[in-house]
Amino acid sequence: MGIGAGLFLIALGAIFAFAVTVDLQGINLQAVGWILMFVGVVGILISVFYWGPRKRATTANRERIYTDDPTQPPPPL
Numbered sequence: 001m002g003i004g005a006g007l008f009l010i011a012l013g014a015i016f017a018f019a020v021t022v023d024l025q026g027i028n029l030q031a032v033g034w035i036l037m038f039v040g041v042v043g044i045l046i047s048v049f050y051w052g053p054r055k056r057a058t059t060a061n062r063e064r065i066y067t068d069d070p071t072q073p074p075p076p077l
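Under the UniProt record's numbering, the first residue of the sequence shown is numbered 1, with each subsequent residue one higher.
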């Protein structure tokens, strides 16, 4: 789940928790809304802390390998 999907779940959960006033038999839409908001926050945290460091490390390695001067050999890894 990415950040966009997490934000979508938070928005959908907020609508269910705060804006919908329909009573359904056997389903508490306010509880469903709170659950969706919780899942959205957890999804955002996982995507930020799990995928964030990998993207930065790839960028750092790319900068180290490529140089501006094509006549210079690449630095050792």
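Even glycine gets a Cβ: it sits at the ideal position worked out from N, Cα and C. All of these numbers come straight from a predicted model, not from anything done at the bench.
| query | result |
| --- | --- |
| Report the residue ranges of all alpha helix (DSSP H) runs contained in full by the UniProt domain "DUF6458" (1–59); include only those spanning at least 4 residues, in chain order. | 3–14, 29–46 |
| Assuming the contact rule is C-beta atoms closer than 8 Å, A17 and Q30 should be a hit. Round their C-beta distance to whole Å, please. | 5 Å |
| Drop a sphere of 10 angstroms on the beta-carbon of G2, count the other beta-carbons inside from all chains shown, and report buried for 16 or more, exposed for fewer. | exposed |
| Expressed to the nearest angstrom, what Euclidean distance is found between the alpha-carbon atoms of A5 and G40? | 7 Å |
| Buried or exposed: G52, going by 16 or more other Cβ atoms within 10 Å of its Cβ? | exposed |
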